[in-house]
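Colleague: So in my numbering, spot 122 of the sequence shown is number 122, and the numbers just go up one at a time. Beta carbons are placed, not taken as given, at the ideal position from N, Cα and C, and that holds for glycine. Treat the numbers as computed from the prediction; the structure is a model and nothing was measured. Before we start, here is the structure in question, set down as C-alpha cells.
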Amino acid sequence: MRILIIGGTKFVGRHITEAALGAGHDVTVFHRGSTGADLFPQATHLTGDRNGDLAELSAGEWDATIDVCAYFPRQVRSLAAALGERGGRYLYVSSTSAYKTPVAPGFSEDAPLAELDDPATEEITDETYGGLKVACERAAVELFGAGATTVIRPTYVVGPYDYSYRFTWWVERIARGGGVLAPGGKEDPIQVIDARDMGRWIVSLAERSVTGIFHAASPPPPFGFGDLLEAIAAEVAPAGTRLTWVEADFLREFGESAETIPLWPGGDSERDINTADPSRAYAAGLSPRPIRQTIAEVHAAELAAGSPLREGVGLTPEREADLLAAWRAIQAAGPHQP
Ligand SMILES: NC(=O)c1ccc[n+]([C@@H]2O[C@H](COP(=O)([O-])OP(=O)(O)OC[C@H]3O[C@@H](n4cnc5c(N)ncnc54)[C@H](OP(=O)(O)O)[C@@H]3O)[C@@H](O)[C@H]2O)c1
C-alpha cells in the first residue's frame, strides 16, 4: 500500500512509520524536517509546515493517509483541501481526552464528547485540548466521509522514544531502587498503550480498510495504579527496593498533582478517563503486549541509550525523601494526629 503519514518521526508517529515500513508498504512522511530528518531513509520525506505550506503534497497519490499531528480542525481542513481524492482513506490519531468529563467508568466510544467554549480557539490548554481533538474528528468525517475515516483515541501512549517521559520516569525511578514514594490510591485507574502495538494496529486498520472510532488502551478496567507500580517493581526493582504507599490526600495537601507526579491518577480529578473500554479495538485486532513486557523493553531501551534519569519530570530525589520523611512522621504520631 502507499501510505502517507502526516508527522511520523518523533514518537507515536515514529512507531506507525516503523510498522508501515516493516510491513513492506510504500511510505511517505510529511513533516517540517526538524524532527527525525535522518530517520527512515527507505521512506519518501516531503517537507513542509502543515500550517500554511502543503505545496509538497500537490502531487502524489496514496491509499491511506495517517494523520498524527493535527491539533486544530483547520489543519484537517487544509490537508483535505490539499489532497482532494489523492489521500485515500483518512486515519486520525485523536485522544481519550476527547470525552466530556466526568465519564462513566468503563465508558465506550459512544460516550458524550467534550465541547469547546470557543470553537475558534487557537490555544491548546488542558481545557481546550480534548474539544479541539473532537473538532478535528468532526472535520475529518465531514471532509473525508464516515465511510473513509478512522478515528483512534489513545490513552497515555508509552514505549521507546516517549518524549513525555511520564511512564519511562516510573520505570527508571523504580529501577534505581531504594525507598520509592508510591502515591495512593492503589485502586485509582490507569491505562496505557504501547506505541509499538498501536502503530502496528493502525497500519493494519489501514490495510483492512477498517473505519470507525476506537479506543487504544490497555488493560481493560479495572487496573489500578497499584497494579502498575507493582508490575514495574516486579520487572525492574533491584533487591532492597521498598515501595511506600502514601495517601493521596496527604500528597495533595503538600501541593502534589498529576503534573508533579507523572501519570498519578490520585492527582487527577478526571482519572475515570483511564477506564476506557478497549473491547471494540480488541475486536478490530488491537492486541497489546503484556504490561510487564512493555516495562522490561522500555527499561532495556533506556539502558541501551545510556540515558540517565531525566531531570524536569517526576519528583526530585530530595522532594521524594522530604515527602517520605513527613509521611513517616505523621504515621509515627498515630492516626488521631493532624
Ligand atoms: N503521547 C501521548 O500519550 C498521547 C496520548 C493520546 C493522544 N496522543 C496524540 O498523538 C499524537 C502525538 O504524537 P507524536 O507527537 O508522538 O507524533 P509523531 O508523528 O511521532 O511526531 C510529531 C510529528 O509531527 C511533525 N510535525 C509537527 N508539527 C508539524 C507541522 N506544523 N507541520 C508538519 N509536520 C509537523 C513532526 O516533525 P517535524 O518536527 O519535523 O515537523 C513529527 O514528525 C498527537 O496527535 C496527540 O494528540 C498522544
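1) Just mark aspartate 117 as buried or exposed, buried being the case when its beta carbon has 16 or more other beta carbons within 10 Å.
2) If you follow the beta strand (DSSP E) that aspartate 63 is part of, which residue opens it and which one closes it?
3) When DSSP labels each residue in this structure, what does isoleucine 261 get in the three-state scheme?
4) Does the beta-carbon distance from proline 265 to proline 105 come in below 9 angstroms?
5) With DSSP as the reference, label histidine 45 as helix, strand or coil.
6) For proline 338, which residues from the same chain have a beta carbon less than 6 angstroms from its beta carbon, with the 5 sequence-adjacent residues on both sides left out?
7) Please go through the same chain and pick out, in chain order, the residues whose beta-carbon is closer than 7 angstroms to the beta-carbon of proline 119, but skip the five residues on each side of it.
8) So is glutamate 320 buried or exposed if we call it buried at 16+ other beta carbons inside 10 Å?
9) At the level of alpha carbons, what is the spacing between aspartate 26 and serine 257?
10) How close, in whole Å, do the beta carbons of valine 313 and proline 262 come, if the pair is a contact with beta carbons under 8 angstroms?
11) Quick check on DSSP: helix, strand or coil for alanine 234?
12) With DSSP run on the structure shown, which of helix, strand or coil describes isoleucine 202?
13) When every heavy atom of ligand 1 is checked, does at least one fall within less than 8 angstroms of the C-beta of glycine 33?
14) What is the C-beta distance between isoleucine 364 and proline 219, in whole angstroms, given that I count them as a contact (C-beta under 8 angstroms)?
15) Would you decide whether serine 307 is buried or exposed? Buried here means 16 or more other CB atoms lie within 10 Å of its CB.
16) Alpha carbon to alpha carbon, how far is proline 238 from arginine 176?
17) Let me check you understand the geometry: is the CB of lysine 186 closer than 8 angstroms to at least one non-hydrogen atom of ligand 1?
18) List the endpoints of the continuous beta strand (DSSP E) containing arginine 2.
19) In terms of residues, what are the limits of the alpha helix (DSSP H) holding phenylalanine 214?
20) Taking Cβ positions only, does leucine 83 come closer than 9 angstroms to chain C?
21) Could you round the C-beta distance between alanine 82 and leucine 46 to whole angstroms and report it? I think they count as a contact, below 8 angstroms.
22) Quick one, which of Asp67, Arg89, Val171, Glu109 has its alpha-carbon nearest alanine 98's?
23) Straight-line CA distance for arginine 310 to proline 317?
24) Quick check: the Cα distance between glutamine 331 and leucine 323, rounded to an integer number of angstroms?
25) How about tryptophan 169 and leucine 229: do their beta carbons lie closer than 9 angstroms?
Modeller: So, from the data block:
1) As a working note, residue 117 is residue 117 in the sequence shown. Under this definition aspartate 117 is an exposed residue.
2) In the sequence shown, counting from the first residue as 1, residue 63 sits at position 63. Careful: aspartate 63 lies outside any beta strand (DSSP E) and carries neither H nor E.
3) One-based indexing of the sequence shown puts residue 261 at position 261. Note: isoleucine 261 maps to coil in three-state DSSP.
4) The residue given as residue 265 occupies position 265 in the sequence shown. The residue given as residue 105 occupies position 105 in the sequence shown. Their beta carbons are not under 9 angstroms apart, which means proline 265 does not touch proline 105 by this criterion.
5) Start at 1 with the first residue of the sequence shown, and residue 45 comes out as number 45. Looking at histidine 45 - three-state DSSP - the assignment turns out to be strand.
6) Start at 1 with the first residue of the sequence shown, and residue 338 comes out as number 338. Confidence at proline 338 is low in this model, with a pLDDT of 39, below 50, so its placement is unreliable and the value that follows should be read with caution. Closer than 6 angstroms at Cβ, skipping near neighbours: no residue.
7) Here residue 119 refers to the residue found at position 119 when the sequence shown is read from its first residue. Answer for proline 119: Ala135, listed in chain order.
8) Start at 1 with the first residue of the sequence shown, and residue 320 comes out as number 320. Flag for glutamate 320 reads buried.
9) Against the sequence shown, residue 26 aligns to sequence position 26. Against the sequence shown, residue 257 aligns to sequence position 257. Spanning the two alpha carbons is a distance of roughly 44 angstroms.
10) The residue labelled residue 313 in the question sits at position 313 within the sequence shown. The residue labelled residue 262 in the question sits at position 262 within the sequence shown. The Cβ separation is near 6 angstroms, so the contact holds.
11) Numbered from 1 along the sequence shown, position 234 holds the residue referred to as residue 234. It is helical.
12) The residue labelled residue 202 in the question sits at position 202 within the sequence shown. Correct three-state label for isoleucine 202: helix.
13) The residue labelled residue 33 in the question sits at position 33 within the sequence shown. Yes, Cβ of glycine 33 sits closer than 8 angstroms to a heavy atom of ligand 1.
14) The displayed coordinates of the chain run from 1 to 338. Any statement about residue 364 would go beyond what the structure contains.
15) Translated into the one-based positions of the sequence shown, residue 307 becomes position 307. Its Cβ having fewer than 16 others within 10 Å, serine 307 is exposed.
16) Taking the first residue of the sequence shown as position 1, residue 238 is located at position 238. Taking the first residue of the sequence shown as position 1, residue 176 is located at position 176. The straight-line gap from Cα to Cα measures roughly 7 angstroms.
17) Within the sequence shown, numbered from 1, the residue matching residue 186 stands at position 186. No.
18) By 1-based counting over the sequence shown, the position of residue 2 is 2. Run containing arginine 2: 2-6, per the beta strand (DSSP E) assignment.
19) If you number the sequence shown from 1, residue 214 lands on position 214. First-last for phenylalanine 214: 212-216, but that is the beta strand (DSSP E), not the alpha helix (DSSP H).
20) Absent from the structure is chain C; it holds one protein chain and no more.
21) Against the sequence shown, residue 82 aligns to sequence position 82. Against the sequence shown, residue 46 aligns to sequence position 46. Wrong, their Cβ atoms sit about 11 angstroms apart, outside the cutoff.
22) Residue numbering aside, residue 98 sits at position 98 when the sequence shown is read from its first letter. Looking at the Cα atoms, Glu109 is the closest of the given residues.
23) The residue given as residue 310 occupies position 310 in the sequence shown. The residue given as residue 317 occupies position 317 in the sequence shown. Whole-angstrom Cα-Cα distance: 12 angstroms.
24) In the sequence shown, counting from the first residue as 1, residue 331 sits at position 331. In the sequence shown, counting from the first residue as 1, residue 323 sits at position 323. Their Cα atoms are separated by approximately 12 angstroms.
25) As a position in the sequence shown, residue 169 is number 169, starting the count at 1. As a position in the sequence shown, residue 229 is number 229, starting the count at 1. Taking 9 angstroms as the Cβ cut-off, tryptophan 169 and leucine 229 do not qualify as a contacting pair.
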